[in-house]
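Taken in order, these protein sequences are the chains called A and B. Under this note's numbering, the first residue of the first sequence carries the number 1, and numbering increases by one thereafter. Under this note's numbering, the first residue of the second sequence carries the number 1001, and numbering increases by one thereafter. Heads up: the structure comes next, in structure tokens.
There are 2 protein chains.
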Amino acid sequence: MFCIFAEPNFTFAANAAEPPKPNVVVIFCDDLGYGDLGCFGHPTIRTPNLDRMAAEGMKLTQFYSASPVCTPSRAALMTGRLPARNGMCSNKRRVLFPNSGGGIPANEVTFAEALKDVGYATACVGKWHLGHLPQFLPTNNGFDTYFGIPYSNDMDRLNDVGPRGRAAFWDPKVEYWNVPLMRDLEIIERPADQNTITKRYTDEAVKFIKSHQDGPFFVYLAHSMMHVPLFRSREFADTSLRGLYGDAMEEIDWSVGQVLDTLRETGLADNTLVWFCSDNGPWLVFDTHGGSAGLLREGKGTTWEGGMREPTLAWWPEHIPAGSVSMELGSTMDIYTTSLKLAGADVPTDRVVDGVDLSPVLVGNGPSPRKAVFYYRGYQLMAVRMGPWKAHFVTHGSYGSEPRQAKKHDPPILYHLDHDPSEKYPIQNEHPDVIDKIKKLVLEHQSQMQPAPSQLEIPLGKTK
Amino acid sequence: MFCIFAEPNFTFAANAAEPPKPNVVVIFCDDLGYGDLGCFGHPTIRTPNLDRMAAEGMKLTQFYSASPVCTPSRAALMTGRLPARNGMCSNKRRVLFPNSGGGIPANEVTFAEALKDVGYATACVGKWHLGHLPQFLPTNNGFDTYFGIPYSNDMDRLNDVGPRGRAAFWDPKVEYWNVPLMRDLEIIERPADQNTITKRYTDEAVKFIKSHQDGPFFVYLAHSMMHVPLFRSREFADTSLRGLYGDAMEEIDWSVGQVLDTLRETGLADNTLVWFCSDNGPWLVFDTHGGSAGLLREGKGTTWEGGMREPTLAWWPEHIPAGSVSMELGSTMDIYTTSLKLAGADVPTDRVVDGVDLSPVLVGNGPSPRKAVFYYRGYQLMAVRMGPWKAHFVTHGSYGSEPRQAKKHDPPILYHLDHDPSEKYPIQNEHPDVIDKIKKLVLEHQSQMQPAPSQLEIPLGKTK
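Quick look at the structure:
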């Protein structure tokens, strides 16, 4: 048997002794459920491109966002830090709104700034939601270019157009919302044509990759979908078994295929690390317009597993073992630290960075340095995962089955998430020793937590 | 680029004009949950062999057993017929017990009898549960050989040994139960050493395949696991993150790997159709000793999706497209009909056979001929799926979240399972037309249903 697998690769780094800096692509979805991909068990959503990404890369089954809602979660990805540390959260307003005057603080070292410092070309495509005033926008925070919407696609509701209230979501039309589409600092379309937005984001990302083949580059592709109102382009209308949600999801899957195909075709695949993740769990109150958390309990807005555990994939051919599954703990904040380390960029040392370097997990030769997950709602620490154990000190539901107000628990409700990922069988009475250890960990954590004033509570016009 | 993928295959059928009859292997688990495999989304159970089986074959995401409990479900697989048609169900006793005198009726044409008629060597390995009296055992129903336990592994409880009641399940030992292990018609070990039972079943199946390489053969490998009490051999003790359930499941996964490796190594892979499925959903009342139905509602004993939708794989290299996912409707009764058709065996025409031929689905060139699923509890029709629609006429829970008694619904509760696989959003009020169509289908179905007297209600000593 004789086989040449592929053409030799004639691309070399300038300095042959140094491995080339990998390109980094982060594909970030909105309100995607843990159970919404084929490779995470959904029965009626087809995701052949994501399934292939998993088959060629790594599926991470215990990977968390840093918040169960949008703005804080994205701030954590962009800074590697818990939102409470930079004020990108609030106990009053969960996220930034069009009438907010705050945004990502200037002294934060963003993902893009850190990579730009070591020579990366940087593009932000998609939903930002870290402040819509000029100083907060991507191109003033480390990105060379920006194309996308500045906040959620359901903001700027036009209540004098179309059906009012929730009814607008069931038959969404572009003109019911007045969301702006921006390029860099300018509004180029309003309302944004959301029907074609996934397609246009994809085209932008692909174009950027093709025009930066000499690398290194960083592309942050943050889809507006699967946040309601749901849209998909004409080619995906009524094509999935799962209805509108499935159509939109299958277009995201198509988009992932376009990005990976571009990397394959340009010969950049082996030197590009691609992450796929989401900002928080599915928005269950929207019935079939919300996603599925699979076997996990609850969804968006809660610190149950369904609110913060994300369906995560990492792809980097020749580096990440094909078809691998990691059950190690990870966080979107680790995407920041891991990518910076691999790029040879500086991870800030003058402040607490919560992200850890997951490279040993990715290349399959070591455990995760992450031993704990802290589940916050605004500034409030609600729950802590320590190894397989999770203690809920306070719970707050968003869906019918859980109460919609905060409820304190003393002793905390304890689950063993490896044995009981659905958080069904409380075992706090059997394990007081574990609760003691978690309480110690909380004290240690809180001794290093200096919360910054909330950016989300600053009204428009009062920006400092 | 030049590539020889494999050595040429010098095996030919005796008559070159006829395709060789495929060997058939059915691997059937007990009480396995829809969400318990890695490829169906479980976060902490490792199933690399089943994942590979899916990657090389087909994952079927809308595939059903014919009953939410053991005996009726297995009877349907073995006969291609709904249990009510042959009396292998009851409204009083859900399954056969050691004090039962009934079993599979002699006039049924079993899976093994049909294949034996066209020259197959036939082996039954594992749990039978279609009657433990001699006339009901596998070797009197079409199987050349039998090695296994005649009923569930939690029957024959010895209440004078070890902890009583449910406590015995939390730290199970072989000696707490008096389950017999049989070879053909003889008891060869009592109590059966359940610690090594998955391993020994596997060895038997592999040995049978190796000694019947000239084919054709049919192996029915019906694991005792994941039914409580859970056991695993020493090599799998404390090796999974998921605890005892995960250990036992990962041994099943190992077993699947052994069977498929044997087929690969003997060169039989391309001519062997392997099915992987389970008899019903997870037994949720056993907490972490029960499995997970993933995103599906409820589990074993109920006609919610979690009770009857099974994680199903089909593997037949060179015939079933690798890595394919089918969302078409299927049933364990279709395993019977499809396998018989492919083997050139006669599907009975003198009685109603509920199984349909899924060959077009398997080879990827057509839709499923199955348009409906009938959900029975004993002789009672509880629910009907027609295309994507499911109507519950009666519900009955088994777990905490559903009432444990029968509850009638008029109008029936209606769900769109493609849009809402978790049965969360009832829509009967919006679709009276669909309910009318389903009611017509029920009348049609019932006009062709002639229930046979129950075999499960015959006491020992009263066998006809």
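For every residue, glycine included, the Cβ atom is placed at its ideal position computed from N, Cα and C.
Using a beta-carbon distance cut-off of less than 7 Å, what residues from the stretch 412-437 of chain A approach chain B? Under the 7 Å Cβ criterion, the stretch 412-437 of chain A contributes D418, H419, D420, P421, S422, Y425.
Output the distance between the C-alpha atoms of A:F169 and A:Y176, rounded to the nearest integer angstrom. The C-alpha of A:F169 lies about 9 Å from the C-alpha of A:Y176.
In whole angstroms, what separates the C-alpha of B:H1319 from that of B:D1270? Each residue's Cα considered, the two are about 8 Å apart.
If the cut is a Cβ gap below 9 Å, which residues of chain A does B:T1239 touch? Here the premise fails: no neighbours, minimum Cβ distance about 13 Å.
By the 7 Å beta-carbon criterion, what residues does the stretch 300-313 of chain A contribute toward chain B? Taking 7 Å as the Cβ-Cβ cut-off against chain B, none of the residues of the stretch 300-313 of chain A qualify.
Shorter than 8 Å from the beta carbon of B:K1256 to some beta carbon of chain A? Per the sequence shown, residue 1256 of chain B should be read as Val rather than Lys. Output row for B:V1256: interface = no.
Buried/exposed call for B:D1238, threshold 16 Cβ in 10 Å: By the 16-neighbour rule on beta-carbons within 10 angstroms, B:D1238 is exposed.
Classify A:K300 as buried or exposed, calling it buried when 16 or more other Cβ atoms lie within 10 Å of its own Cβ. A:K300 should be labelled buried.
Counting only beta-carbon atoms, is A:R385 nearer than 8 Å to chain B? Cβ-Cβ to chain B under 8 Å: no for A:R385.
CA-to-CA distance, B:F1374 to B:P1421, given in whole angstroms: Between B:P1421 and B:F1374, the C-alpha separation is close to 17 Å.
Whose C-beta lies closer than 6 Å to the C-beta of A:Q450 among residues of the same chain, with five residues either side of it excluded? Once the five neighbours on either side are set aside, A:Q450 has no close Cβ partner at all.
So B:D1203 is in the alpha helix (DSSP H); what residue range does that whole segment cover? Per DSSP, B:D1203 belongs to the alpha helix (DSSP H) from 1197-1210.
Using DSSP bridges, identify the partner residues of B:L1414. In DSSP, B:L1414 forms a bridge with B:A1391.
Considering B:S1359, what are the terminal residues of the alpha helix (DSSP H) in which it resides? Residues 1359-1362.
With H, G and I counted as helix, E and B as strand and the rest as coil, what does DSSP make of B:T1337? DSSP places B:T1337 in helix when its eight states are reduced to three.
Taking just the CA atoms, how far does A:V256 sit from A:Y34? Approximately 17 Å between the Cα atoms of the pair.
Run through chain B and tell me which residues come within less than 9 Å of A:R46, C-beta to C-beta. Correct list: V1325, M1327.
Identify the contact partners of B:T1288 in chain A, using a Cβ-Cβ distance below 9 Å as the criterion. Against B:T1288, the close residues of chain A are H416, H419, D420, K424, Y425, in the order they occur along the chain (beta-carbon pairs closer than 9 Å).
Per-residue burial, A:E56 [other beta carbons within 10 Å of its own, 16 or more giving buried]: Counting of Cβ neighbours within 10 angstroms places A:E56 among the buried residues, the total reaching 16 or more.
Does the stretch 1424-1442 of chain B come close enough to the stretch 308-324 of chain A that 3 or more CB-CB pairs lie under 8 Å? Taking a cut-off of 8 Å on C-beta distances, the stretch 308-324 of chain A does not touch the stretch 1424-1442 of chain B, as fewer than three cross pairs fall below it.
If you drop the 5 nearest sequence neighbours on each side, which residues of the same chain put their C-beta closer than 6 Å to that of A:R183? Excluding its 5 nearest sequence neighbours in each direction, A:R183 has C-beta neighbours in its own chain below 6 Å: F147, listed in chain order.
Beta-carbon gap between B:I1335 and B:W1275 smaller than 8 Å: Yes, they are a contact pair.
Which of helix, strand or coil DSSP assigns to A:G461: It is coil, neither helix nor strand.
Measure the C-alpha to C-alpha separation of B:N1141 and B:V1219 and round it to an integer number of angstroms. Roughly 14 Å separates the two Cα atoms.
Label A:T61 either buried or exposed according to how many other C-beta atoms from any shown protein chain fall within 10 Å of its C-beta, with 16 as the threshold for buried. If you draw a 10 Å sphere on the C-beta of A:T61, you find 16 or more other C-beta atoms in it, and that means buried.
List the whole-angstrom C-beta distance separating A:L137 from A:P150, where the pair is believed to meet the contact cut-off of C-beta under 8 Å. Confirmed, about 7 Å.
Just to check my reading of the structure: B:T1395 and B:S1065 have Cβ atoms closer than 8 Å, yes? What is that Cβ distance to the nearest angstrom? Wrong, their Cβ atoms sit about 18 Å apart, outside the cutoff.
For the alpha helix (DSSP H) that A:S255 lies in, which residues bound it at each end? Note, A:S255: alpha helix (DSSP H), 244-265.
For A:I458, which of A:M88, A:L77, A:I27 has the nearest alpha-carbon? From the listed residues A:M88, A:L77, A:I27, the smallest Cα separation to A:I458 is found for A:M88.
Between which two residues does the beta strand (DSSP E) containing A:W315 stretch? Unbroken beta strand (DSSP E) run through A:W315: 312-315.
Assuming A:T349 is part of the alpha helix (DSSP H), what are its boundary residues? Taken as a continuous stretch (DSSP letters only), A:T349 belongs to no alpha helix (DSSP H), as it is neither H nor E.
Work out the CA separation of A:W254 and A:L244 for me, nearest whole Å. If you take the alpha carbons of A:L244 and A:W254, they lie about 15 Å apart.
Short of 7 Å Cβ to Cβ, which residues in the stretch 1056-1081 of chain B face chain A? Listed in sequence order: T1061, Q1062.
According to the neighbour-count rule (16 or more other Cβ atoms, all chains shown, within 10 Å of its Cβ), is A:V467 buried or exposed? An answer regarding residue 467 of chain A cannot be provided, because it is not within the stretch 1 to 464 covered by chain A.
Residue range of the alpha helix (DSSP H) that includes B:L1050: 1048-1056 is the extent of the alpha helix (DSSP H) around B:L1050.
Around the C-beta of A:S211, are 16 or more other C-beta atoms found within 10 angstroms, so that it is buried, or is it exposed? Classification of A:S211: exposed, given that the 10 Å Cβ count is below 16.
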